[in-house]
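**Student:** My structure is below; once you've seen it, I'll send some questions.
Number of protein chains: 2
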Amino acid sequence: MLTHTAIRTGFSRAANNASPRAHSGSFFDSISLMGAAMPYGRDAEIYGENEPADYVYRVISGAVRTYKVLGDGRRQIGAFYLPGDIFGLETGDEHSFSAEAISDAKILVVKRSALLALAERESEAARQLWSVTGQELRRVQDHILLLIKTAKERVGSFLLEMAKRHPGGNDVELPMSRQDIADYLGLTIETVSRTLTELENSASIKLASARHIVLRNRRALGVLNG
Amino acid sequence: MLTHTAIRTGFSRAANNASPRAHSGSFFDSISLMGAAMPYGRDAEIYGENEPADYVYRVISGAVRTYKVLGDGRRQIGAFYLPGDIFGLETGDEHSFSAEAISDAKILVVKRSALLALAERESEAARQLWSVTGQELRRVQDHILLLIKTAKERVGSFLLEMAKRHPGGNDVELPMSRQDIADYLGLTIETVSRTLTELENSASIKLASARHIVLRNRRALGVLNG
DNA sequence: CGTACCATTGACGACGGTCAAAAAACGTGG
DNA sequence: CCACGTTTTTTGACCGTCGTCAATGGTACG
């Protein structure tokens, strides 16, 4: 139990894409039995900002966005979560972002108190909880680096990020709308659209359809990305 | 030991400003004896990006910046750390940012392995390590919200943030240069300077000197800050 | 086949970046 | 304490990128 080797549970086997790249997969695989798989429809709220953080979540299938809305209506998307990813794990008592299903999704829901109890007994479990938060921290730090770049760099980096997280080589299937991408990258929908067109014109990508993008020149997408 | 009430050690008493607002102050107060206070000169490197994260740090006096430099030379400052703040705590084996002293500083240096060993024995210590990373996560998330705002909003939010962290009401003593502020806010030094002048002209602040700013209208600084 | 919704394209303007110079602040040594 | 040189900050002029407003085009679904 709680070994490094992933323990494949019924729930994680049911996942589309639960894969080795998931956050601390072994840990959450092993505690999958503590939770239940819940279905969420497109745009359904999973939790709201400032609500009690009583549960921790893991994407089984579909995709999730977390976000905040500022006073004047601007929305900032904090992260996209794909199958295998863990989200909603807080060290405090409340969620700091809201979470919604981007598409129809199956989400494994685990009681936070169960994890905390386990962590109290098993130091390895505590280490894994810490590790999940640490990975999230690094992800958000990378996000900051995105936000100081030019529009072309942001969109390029975003596509590379999605390609890395998604299995399927150079073919990227985007689960989210242009508006979601824009709110993630701190751009407008028009700039995202224009930039994608530019990247296609420069033969860096191919827009097979609005949500299906083929990477043709990864170097061009990653230039200057430190 | 490890109680909620701060245990004032010799080291923390020596601090300029170690105060209740520090990250998990009680925890790090109690393990202060495990480390040593080290002096760092202005601009001295404390650790570099990708170096082994063998130590965890706490500011006793002075100030610290963490940063990354992108391929083309742009620098992004991840955070400023003031007396009482903990930094350099990683869940992985390497530091993800570099750290430098902004001014002459005294820093408490603690062996990470000692903390990990303690966390293995005491679940409360493990919880506190997790909590420190969680607070850092929230700080970085707030930083993201800064970066999507206009220049005036970024500078205003920055001043409010510094005023909150610094004791001293409406008088803010900035330890860092305009260049540091610019690299933290994702702006240029010129835009930061111009924006401060604008804020002074609109009577929102007073520039007593370049590094000493008096807040005159906090509402104007915080408008739209969601 | 029609109707929303979503994405793309266009025209234009504003915000902030760039390049350059002046002014202020700071530190050092006479 | 003042004079000097260096660094930091401020100010100015100009320009490019991206946001805004508006219209067109495309796609999915009933």
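Taken in order, these protein sequences are the chains called A and B.
In terms of the working numbering, the first sequence opens at residue 233 and continues consecutively.
In terms of the working numbering, the second sequence opens at residue 233 and continues consecutively.
C-beta atoms are modelled at their ideal positions from N, C-alpha and C, and glycine is treated no differently.
Just tell me which of E352(B), L419(B) and G400(B) has its CA closest to the CA of I380(A).
**Tutor:** Reading the first sequence from its first residue, position 148 is the one you call residue 380(A). Measuring from the Cα of I380(A), the nearest candidate turns out to be L419(B).
**Student:** Does any residue of chain A have a CB that is nearer than 7 Å to the CB of I309(B)?
**Tutor:** The residue you call residue 309(B) lines up with position 77 of the second sequence. By this cut-off, I309(B) is not an interface position.
**Student:** If you measure from the beta carbon of Q411(B) to each beta carbon in chain A, is any gap under 7 Å?
**Tutor:** Walking along the second sequence from the start, residue 411(B) turns up at place 179. Judged by the 7 Å Cβ criterion, Q411(B) is not in contact with chain A.
**Student:** Nearest CA to the CA of L417(B): which residue from V387(B), E432(B), S409(B) and P407(B)?
**Tutor:** As a working note, residue 417(B) is residue 185 in the second sequence. It is V387(B) whose Cα lies nearest to the Cα of L417(B).
**Student:** Quick check on K300(B): does DSSP put it in helix, strand or coil?
**Tutor:** Numbered from its first residue, the second sequence carries residue 300(B) at position 68. Residue state, collapsed to three classes: strand.
**Student:** Under 8 Å between beta-carbons, which chain A residues line up against H375(B)? List them in chain order, please.
**Tutor:** Locating residue 375(B) in the second sequence gives position 143, where the first residue counts as 1. Simply I376.
**Student:** Which residues in chain B have a C-beta closer than 8 Å to the C-beta of L347(A)? List them in chain order.
**Tutor:** Position 115 of the first sequence, counted from the first residue, corresponds to residue 347(A). Correct list: empty, because the minimum Cβ distance to chain B is about 11 Å.
**Student:** Leaving aside the five residues before and after E393(A) along the sequence, list all residues of the same chain whose C-beta is less than 7 Å from its C-beta, in chain order.
**Tutor:** Here residue 393(A) refers to the residue found at position 161 of the first sequence. Cβ neighbours of E393(A) beyond the five flanking positions: none.
**Student:** So what does DSSP say about R290(B), is it helix, strand or coil?
**Tutor:** Reading the second sequence from its first residue, position 58 is the one you call residue 290(B). Strand at R290(B).
**Student:** Count the other C-beta atoms from every protein chain shown that fall within 10 angstroms of the C-beta of P284(B), then say buried if there are 16 or more, exposed otherwise.
**Tutor:** Looking up residue 284(B) in the second sequence gives position 52. The residue is exposed, with fewer than 16 neighbouring Cβ atoms inside 10 Å.
**Student:** I want to know whether the stretch 335 to 355 of chain A touches the stretch 420 to 432 of chain A - three or more CB-CB distances under 8 Å.
**Tutor:** They do not touch, by the three-pair rule.
**Student:** Quick one: complete alpha helix (DSSP H) runs, 4+ long, within the stretch 369 to 415 of chain A?
**Tutor:** Whole alpha helix (DSSP H) segments, 4+ residues: 383 to 397.
**Student:** From the DSSP output, which residues share a beta bridge with Q308(A)?
**Tutor:** By one-based count along the first sequence, residue 308(A) stands at place 76. Answer is K300(A).
**Student:** Sort L391(A), L439(A), R450(A) and I263(A) by Cα distance to A349(A) and report the nearest one.
**Tutor:** Here residue 349(A) is taken as the residue at index 117 of the first sequence, counted from 1. With distances taken between Cα atoms, A349(A) lies closest to I263(A).
**Student:** Can you tell me which of W362(A), T365(A), R307(A) and R290(A) puts its alpha carbon nearest to the alpha carbon of K338(A)?
**Tutor:** On the first sequence, residue 338(A) is found 106 positions in, with the first residue counted as 1. The residue with the shortest Cα to Cα distance from K338(A) is R290(A).
**Student:** Which residue marks the beginning of the beta strand (DSSP E) containing I421(B), and which one marks its end?
**Tutor:** As a first step, residue 421(B) must be located in the second sequence, where it is residue number 189. First-last for I421(B): I421 to N433, but that is the alpha helix (DSSP H), not the beta strand (DSSP E).
**Student:** Going along the stretch 351 to 380 of chain A in order, which residues come within less than 8 Å of chain B, judged by CB to CB distance?
**Tutor:** Hits within the stretch, in order: A351, E352, R353, S355, A358, R359, L361, W362, S363, T365, G366, Q367, E368, L369, R370, V372, Q373, H375, I376, L377, L379 and I380.
**Student:** Give a yes or no on whether the minimum CB-CB distance between G418(A) and chain B is below 7 Å.
**Tutor:** Here residue 418(A) is taken as the residue at index 186 of the first sequence, counted from 1. Yes, G418(A) lies at the interface with chain B (some Cβ there is under 7 Å from its Cβ).
**Student:** Taking DSSP as the reference, what is the three-state secondary structure of R448(B)?
**Tutor:** Position 216 of the second sequence, counting from 1, holds the residue named residue 448(B). Coil.
**Student:** What is the DSSP secondary structure of L314(B), reduced to helix, strand or coil?
**Tutor:** In the second sequence, residue 314(B) corresponds to position 82, counting from 1. Three-state DSSP puts L314(B) in coil, outside helix and strand.
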